[in-house]
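Notes follow once the structure below has been shown.
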Amino acid sequence: MKEECLICKAPLEYLKEDVEMECELCHKKEKSKTRCINGHYVCNECHMQGIDSLIGICMGETSKNPAIILNQMMAQPFCHMHGPEHHIMVGMALLTAYRNSGGDLDLKNALIEMNSRGRSVPGGTCGFWGACGAGISTGMFLSIATGSTPLGKENFGLSNKMTAKALGAIGEVGGPRCCKRDSYLSILQAVDFVRENLGIFMEKPKICCSYSRQNNQCIGKRCPFCERKKKIAFICVHNSCRSQIAEALGKKYLSDFCDCYSAGTETKPQINQDAVRLMKQEYGIDMEKEQYSKLIQDIPEADIYVSMECNVSCPNIPGRKMVNWGLEDPTGKDDDAFRNVMRQVEENILYLRDQLSRKRCF
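According to my numbering, the sequence shown holds residues 1296 to 1657 in order.
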């Protein structure tokens, strides 16, 4: 399971009625419906420790893209997978991008006000109030940007319409809650709404979520920001040795990020038996169980083609992204030569995994 409780990392549970709880960090007692399955409770104030530093982050931002600004805040150590800090960060990201896009705004005072207002929206409002705090945060943003008050006229209406737009988008996707998804949905609605109603053109990003592996309740393909797995093909001439090793180790290490295949321009009746034997011995992988020699046209079209290359002329795929690993073919050589190739393949794949895990889609 991924971490949820700030104390013991256990999953959270949501009660139907308020129960008096004591914060594990500050020992304040108050009523809440949220705790972990081990009974630990952390109050909203303690959950948002460090949030004041976001004002400085936003003041130094020059981006017109609120999603990029939001992601900078989400990357801070005090920002968790889920939590009421998102009720502040959405509005702050929008205020910053709005000012950077030409909006008339005293940014520092606006951010201070957003921090104050956002703190008033507790965690769990998405389910308990029927109003996600990230969506409410867009209304707060517009209210601050336009100077709305309860006695306002046009700005009063715009602020409420903004909240409704964001909550409508969140409701269309449905639950379970995801603070990242709902924050992104809210920001996209706000970018369009501000352009149409205030004439300020913030940048509208393409968003691919990089948090799914941290979310126990990720809805996967139902999420509009679910990242499609990339397809990687490891290729050489006969698809019998190096590319088969790469496919096997790719499936071992990259399954969270991409689908791995191997192929060649020619085929062999069987995979190199030394490679089969040593992969079982070194990694416990039986390549003959699920793999066999294939032609390039027999596998799905890949996003990235990795050529083994070196002392054998490997195939080239015109118009496709090609990577050359320059691996010497160990066929006919001793076990140490095979093990050396296996280690090189493993190192390359672990490097590739690191690059994929760092990727951002804005």
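All C-beta atoms in this analysis are idealised placements derived from N, C-alpha and C, irrespective of residue type, glycine included.
Practice problem: Compute the distance between the beta-carbons of residue 1420 and residue 1536, then report whether it is under 7 Å. | Solution: As a position in the sequence shown, residue 1420 is number 125, starting the count at 1. As a position in the sequence shown, residue 1536 is number 241, starting the count at 1. With respect to the 7 Å criterion, residue 1420 and residue 1536 are not classified as neighbours on the basis of their beta carbons.
Quiz item: With a CB to CB cut of under 7 Å and the five nearest residues on each side skipped, what residues in its chain are close to residue 1579?
Solution: Sequence index remark: in the sequence shown, residue 1579 carries index 284 (1-based). The answer is none, since no qualifying residue turns up.
Exercise. Round the Cβ separation of residue 1397 and residue 1495 to the nearest angstrom and send it over; I've been treating them as touching at under 8 Å.
Key: To locate residue 1397, count along the sequence shown from 1; it is residue 102. To locate residue 1495, count along the sequence shown from 1; it is residue 200. About 6 Å; that satisfies the 8 Å criterion.
Quiz item: Hey, quick one: how far does the alpha helix (DSSP H) through residue 1457 stretch, first residue to last?
Solution: Taking the first residue of the sequence shown as 1, we reach residue 1457 at position 162. Unbroken alpha helix (DSSP H) run through residue 1457: 1449–1468.
Quiz prompt | Residue from 1320, 1576, 1591, 1571 whose Cα sits closest to the Cα of residue 1584 | solution = As a first step, residue 1584 must be located in the sequence shown, where it is residue number 289. When only C-alpha atoms are compared, the closest one is 1571.
Exercise. Report yes or no: do three or more beta-carbon pairs, one from the segment 1593–1605 and one from the segment 1513–1530, lie closer than 8 Å?
Key: Judged by Cβ distances under 8 Å, the segment 1593–1605 makes contact with the segment 1513–1530, as three or more pairs qualify.
Self-check item: Selection from 1351, 1316, 1348, 1347 that minimises the alpha carbon distance to residue 1336
Solution: Here residue 1336 refers to the residue found at position 41 when the sequence shown is read from its first residue. Of the candidates 1351, 1316, 1348, 1347, the one whose C-alpha sits nearest the C-alpha of residue 1336 is 1316.
Practice problem: Compute the Euclidean distance between the alpha carbons of residue 1659 and residue 1557, then round it to the nearest angstrom. | Solution: Given a span of 1296 to 1657 for the chain in the structure shown, any question on residue 1659 remains unanswerable.
Quiz item: Is the Cβ-Cβ distance between residue 1405 and residue 1363 less than 7 Å?
Solution: For the purposes of this step, residue 1405 is taken as residue 110 along the sequence shown, with counting starting at 1. For the purposes of this step, residue 1363 is taken as residue 68 along the sequence shown, with counting starting at 1. Not closer than 7 Å, so no.
Quiz item: Does the segment 1465–1479 come within contact of the segment 1371–1384, defined as at least 3 CB pairs closer than 8 Å?
Solution: Between the segment 1465–1479 and the segment 1371–1384 there are three or more C-beta pairs closer than 8 Å, enough to call the two in contact.
Self-check item: Opening and closing residue of the alpha helix (DSSP H) in which residue 1400 lies
Solution: Position 105 of the sequence shown, counting from 1, holds the residue named residue 1400. Unbroken run through residue 1400: none, as it is neither H nor E.
Quiz item: Anyone know if the C-beta pair for residue 1338 and residue 1305 falls short of 7 Å?
Solution: For this step, residue 1338 is matched to residue 43 along the sequence shown. For this step, residue 1305 is matched to residue 10 along the sequence shown. Taking 7 Å as the cut-off, the beta carbon of residue 1338 is found no closer than this to the beta carbon of residue 1305.
Practice problem: Helix, strand or coil for residue 1655, going by three-state DSSP, please let me know. | Solution: One-based indexing of the sequence shown puts residue 1655 at position 360. For residue 1655, the predicted model reports a pLDDT of 46, less than 50, meaning its position is unreliable; a value from the coordinates is still stated below. Residue 1655 falls in the coil class under three-state DSSP.
Quiz prompt | Boundaries of the beta strand (DSSP E) in which residue 1567 is found, first to last residue | solution = Within the sequence shown, numbered from 1, the residue matching residue 1567 stands at position 272. In the DSSP assignment, residue 1567 falls outside any beta strand (DSSP E) and carries neither an H nor an E.
Quiz prompt | Alpha-carbon to alpha-carbon, residue 1299 and residue 1310 | solution = In the sequence shown, the residue the question calls residue 1310 occupies position 15. In the sequence shown, the residue the question calls residue 1299 occupies position 4. So the alpha carbons of these two residues sit roughly 16 Å apart.
Quiz item: Distance, Cα to Cα, residue 1498 vs residue 1553?
Solution: In the sequence shown, the residue the question calls residue 1498 occupies position 203. In the sequence shown, the residue the question calls residue 1553 occupies position 258. Straight-line measurement puts the Cα of residue 1553 at about 29 Å from the Cα of residue 1498.
Exercise. Could you tell me how far apart the beta carbons of residue 1488 and residue 1504 are, in whole angstroms, since I believe they sit closer than 8 Å?
Key: As a working note, residue 1488 is residue 193 in the sequence shown. As a working note, residue 1504 is residue 209 in the sequence shown. That belief does not hold up - the Cβ atoms of residue 1488 and residue 1504 are roughly 22 Å apart, past 8 Å.
Quiz item: In terms of DSSP beta bridges, what is residue 1307 paired with?
Solution: Stepping through the sequence shown from its first residue, residue 1307 is reached at position 12. According to DSSP, residue 1307 bridges with 1331.
Self-check item: Inter-residue CB distance, residue 1548 and residue 1645 (contact presumed, cutoff 8 Å)
Solution: Locating residue 1548 in the sequence shown gives position 253, counting from the first residue. Locating residue 1645 in the sequence shown gives position 350, counting from the first residue. Yes, they are in contact, since the Cβ atoms of residue 1548 and residue 1645 sit about 6 Å apart, within 8 Å.
Quiz item: Can the beta-carbon of residue 1354 be found closer than 7 Å to that of residue 1380?
Solution: By one-based count along the sequence shown, residue 1354 stands at place 59. By one-based count along the sequence shown, residue 1380 stands at place 85. In terms of Cβ geometry, residue 1354 and residue 1380 do not form a close pair [threshold 7 Å].
Quiz item: When DSSP builds the beta bridges, which residues end up paired with residue 1554?
Solution: Working through the sequence shown from its first residue, we reach residue 1554 at position 259. For residue 1554, which the question treats as bridged, DSSP gives the partners 1526.
Quiz item: Thinking C-alpha only, which one of 1434, 1416, 1649 is nearest residue 1451?
Solution: In the sequence shown, residue 1451 corresponds to position 156, counting from 1. Measuring C-alpha to C-alpha distances from residue 1451 to each of 1434, 1416, 1649 identifies 1434 as the nearest.
Self-check item: Any 3 or more C-beta pairs closer than 8 Å across the segment 1403–1417 and the segment 1504–1514
Solution: The answer is no - the segment 1504–1514 does not touch the segment 1403–1417, with fewer than three Cβ pairs under 8 Å.
Quiz item: For residue 1604, does the three-state DSSP call read helix, strand or coil?
Solution: As a position in the sequence shown, residue 1604 is number 309, starting the count at 1. Note: residue 1604 maps to coil in three-state DSSP.
Practice problem: Could you please give me the residues that DSSP links to residue 1590 through a beta bridge? | Solution: On the sequence shown, residue 1590 is found 295 positions in, with the first residue counted as 1. BP columns for residue 1590 point to 1559.
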